[in-house]
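These notes concern the structure reproduced below.
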Amino acid sequence: MNTASEVAEDVLVECQSVWKIFGKNADTAMRAYKERGLSKKQILQDHGCVVGVSNVSLKVRRGEIYCIMGLSGSGKSTLIRMFNRLIDPTSGQILIKGKDIAALDAAALRETRARHIGMVFQSVALLPHRSVLENAAFGLEVRGISKAERHKIAEQALAKVGLSDWAARYPDELSGGMQQRVGLARAIASDPEVILMDEPFSALDPLIRRQLQDEFRQLTKSLGKSAVFITHDLEEAIRIGDRIAIMKDGVIIQEGTAEDIVLKPADAYVAEFVAGISRLHLVKAHSIMSPLAAHPQLDAARLPSAGPQSDLDALINLMISSGGDALAVVDNGQVLGIITQQDLLRGVQGAPAQEQPAQQLERAL
C-alpha cells in the first residue's frame with residue numbers, strides 16, 4: 009500500500025481551482041462569473057474580459073499521457089501554457105512536483121523549465137541557420153552544457169525519434185513530420201519528467217499524423233515520461249491518451265478514460281463528439297459483459313473464454329470462430345461474466361457497462 013508521500017510523488021502536475029481571465033478587470037469579472045453565474049459572453053459584454061480557463065482542477069500522474077481535448081476557444085492551449093508559466097493564472101495554484109510554479113523566482117522558474125518540463129508547439133520553430141543536431145541540442149546549450157556533451161545527448165535524442173541520418177541537415181530540408189520529430193528530440197534531450205504537447209501534429213497529413221501519434225506514445229512510455237497532450241481531435245486523444253479531459257468554454261466538462269467517455273458521455277456536447285467514434289478497439293469485455301447469474305442455462309466452463317481487457321474486435325472474431333452465441337469473461341481462473349451476441353451489439357452501439365460485472369471486476373483486480 010502506498011504511503012501518503014508516495015501517492016503525492018506520483019502526481020507530477022496538479023491544478024487546484026485554476027482560473028485565467030484576460031482583461032484589466034479580471035478580478036471583478038471572476039467574482040461576477042462565480043457569484044452571478046454569468047456566461048463568457050456576458051463577462052465580455054459587462055466587464056470587457058475574456059474567460060480563458062474556469063475553475064480547473066486536475067492531476068497528471070507519473071508515467072501517464074493526459075490528453076486535453078476541445079474545440080478552438082475552449083481554453084485548452086491557455087491551460088497548458090500555465091503549466092510552465094508562459095501565462096500566469098488569475099487565481100488558483102499549479103503545482104509541478106508539489107511546488108507552486110507561480111511562487112518561483114526567475115532563476116527557479118528557468119531551472120524548472122529546463123530540467124522538469126519540455127514543450128513542443130504546433131509550430132515547432134526550429135532555428136533555420138542551425139543544423140538538426142544543433143536544434144536538438146539548443147535547450148542544453150541554454151543550460152550551459154559543453155558542446156561535446158550536448159551534441160552527444162542530442163545525437164541520442166535524434167536516434168530515439170529516428171533522425172540519426174539527418175543530424176547534419178537543416179530544417180528547410182525536412183518534411184513537416186520530420187521537423188516535429190526534431191522538436192520532440194529537443195524536448196527529450198533535456199530529460200524532462202513532463203512533456204507538454206500543444207497540437208503538435210494537427211497540421212500534418214493524416215497518414216504521417218497517425219504514424220507520429222503511435223511513435224509518440226511508444227516513445228513516451230518507453231522513456232517513462234509523463235505527457236500533457238493538447239488536441240481538438242477526439243480520435244487522436246483516444247489513440248494517444250491514458251486519460252482524457254474534454255474542455256468547453258474554459259471548463260473541463262468530463263474527465264476519464266476513453267472508454268469512460270465513449271460509454272458514459274457526461275452531456276449532449278460530449279455525446280455528439282463520441283457519436284462517430286468506432287468502438288471496435290475501444291470498448292472492452294468488462295464493460296459489456298452481463299452477470300453470470302443472468303444466464304443459468306449456460307455452463308461457463310464450456311464456453312470460449314476471453315480476458316476482461318479483450319476489445320470488441322477480438323470478441324466478435326472469437327464469437328464467429330467458435331460458432332456459439334456466448335463467451336465467458338475470465339480473469340485468473342475466475343468467471344467475471346458472460347458476453348452474448350446481444351451484449352456485443354450493445355457494445356457496438358456504445359451502451360454503458362453493466363453495474364454488477366464492473367463491481368465484480370473491481371473486486372477481482
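No gaps in the numbering here: position 97 of the sequence shown is 105 in our numbering, and each next residue is one more. All residues carry an ideal CB built from backbone N, CA and C; glycine is no exception.
Please list the terminal residues of the continuous alpha helix (DSSP H) segment that includes residue i.
{"i": "Asp206", "result": "Element bounds for Asp206: not the alpha helix (DSSP H) but the beta strand (DSSP E), Val202 to Asp206."}
{"i": "Val291", "result": "Counting along the chain, Val291 falls outside any alpha helix (DSSP H), and DSSP gives it neither H nor E."}
{"i": "Ile269", "result": "Ala266 to Leu271"}
{"i": "Ser234", "result": "From DSSP, Ser234 is part of no alpha helix (DSSP H) but of the beta strand (DSSP E) over Ser234 to Thr239."}
{"i": "Gln297", "result": "Note that residue 297 corresponds to Met in the displayed sequence, not to Gln. That residue, Met297, is in no alpha helix (DSSP H); it is neither H nor E in DSSP."}
{"i": "Ala279", "result": "Ala276 to Val282"}
{"i": "Lys229", "result": "Pro214 to Leu231"}
{"i": "Leu320", "result": "Leu320 to Ser330"}
{"i": "Leu242", "result": "Leu242 to Ile248"}
Using the beta-carbon count (16 or more within 10 Å), is residue i buried or exposed?
{"i": "Asn143", "result": "buried"}
{"i": "Gly341", "result": "exposed"}
{"i": "Gly147", "result": "buried"}
{"i": "Glu72", "result": "buried"}
{"i": "Val150", "result": "exposed"}
{"i": "Leu353", "result": "exposed"}
{"i": "Ile328", "result": "exposed"}
{"i": "Ser330", "result": "exposed"}
{"i": "Pro304", "result": "exposed"}
{"i": "Ala334", "result": "buried"}
{"i": "Gly170", "result": "exposed"}
{"i": "Pro200", "result": "buried"}
{"i": "Leu79", "result": "exposed"}
{"i": "Ser183", "result": "exposed"}
{"i": "Asp307", "result": "exposed"}
{"i": "Arg251", "result": "buried"}
{"i": "Ser230", "result": "exposed"}
Kindly indicate the opening and closing residues of the beta strand (DSSP E) around residue i.
{"i": "Asp339", "result": "Ala334 to Asp339"}
{"i": "Arg251", "result": "Arg251 to Lys256"}
{"i": "Gln342", "result": "Gln342 to Thr348"}
Using a Cβ-Cβ cutoff of less than 6 angstroms, which residues in the same chain neighbour residue i once the five nearest sequence positions on both sides are dropped?
{"i": "Glu263", "result": "Ala253"}
{"i": "Glu363", "result": "Because Glu363 sits at a pLDDT of 43, beneath the cut-off of 50, its placement in the model cannot be relied upon, and the following sentence gives the value as read from the coordinates. Once the five neighbours on either side are set aside, Glu363 has no close Cβ partner at all."}
{"i": "Asn33", "result": "His55 and Cys57"}
{"i": "Ala16", "result": "Legend: pLDDT at Ala16 = 44, less than 50; position of this residue unreliable, value from coordinates given subsequently. Within the same chain, Ala16 has no close Cβ partners at all."}
{"i": "Gln312", "result": "In the sequence as displayed, the identity of residue 312 is Pro instead of Gln. Answer for Pro312: Leu326, Ser330 and Leu335, listed in chain order."}
{"i": "Gly191", "result": "Val128 and Val132"}
{"i": "Arg189", "result": "Val169 and Leu171"}
Closer than 7 angstroms by C-beta to residue i: which residues in its own chain qualify, once you throw out the five before and the five after it? Chain order, please.
{"i": "Phe30", "result": "Cys57, Val58 and Gly60"}
{"i": "Arg217", "result": "Phe209"}
{"i": "Gln357", "result": "none"}
{"i": "Gly185", "result": "Leu212, Ile216 and Leu220"}
{"i": "His159", "result": "Leu141 and Ala145"}
{"i": "Leu112", "result": "Thr120"}
{"i": "Asp18", "result": "Arg69 and Arg70"}
{"i": "Ile324", "result": "Leu352"}
{"i": "Gly249", "result": "Ile73, Tyr74, Cys75, Phe237 and Ala266"}
{"i": "Pro97", "result": "Val26, Trp27, Lys28, Met90 and Ala110"}
{"i": "Gln187", "result": "Val132, Leu134 and Pro179"}
{"i": "Arg287", "result": "Val270, Leu320, Gly355, Val356 and Gly358"}
Checking the sheet assignment: what are the DSSP bridge partners for residue i?
{"i": "Gln101", "result": "Gln24"}
{"i": "Lys107", "result": "Ile104"}
{"i": "Glu263", "result": "Ala253"}
{"i": "Ser313", "result": "Ala336"}
{"i": "Ile29", "result": "Val59"}
{"i": "Val19", "result": "Arg69"}
Is residue i near the ligand SAH, judged by its Cβ being under 7 angstroms from some heavy atom?
{"i": "Phe281", "result": "The model on display carries no ligand, and the ligand SAH is accordingly not part of it."}
Looking only at its own chain, which residues have a Cβ that is under 8 angstroms from the Cβ of residue i, when we skip the five neighbours before and after it?
{"i": "Ile375", "result": "In the structure as shown, the chain starts at 9 and stops at 373, and residue 375 therefore has no counterpart that could be examined."}
{"i": "Arg247", "result": "Arg218, Gln221, Asp222 and Arg225"}
{"i": "Asp206", "result": "Ser85, Ile88, Arg89, Met127, Val128, Phe129, Gln130 and Ile238"}
{"i": "Lys48", "result": "Val58, Val59, Asp257 and Gly258"}
{"i": "Gln350", "result": "none"}
Which complete beta strand (DSSP E) runs does the region 121 to 205 hold, if anything under 3 residues is left out? 125 to 128
Kindly provide the ranges of any alpha helix (DSSP H) runs that are 4 or more residues long and lie completely inside the region 42 to 99, ordered along the chain. 48 to 55 and 84 to 91
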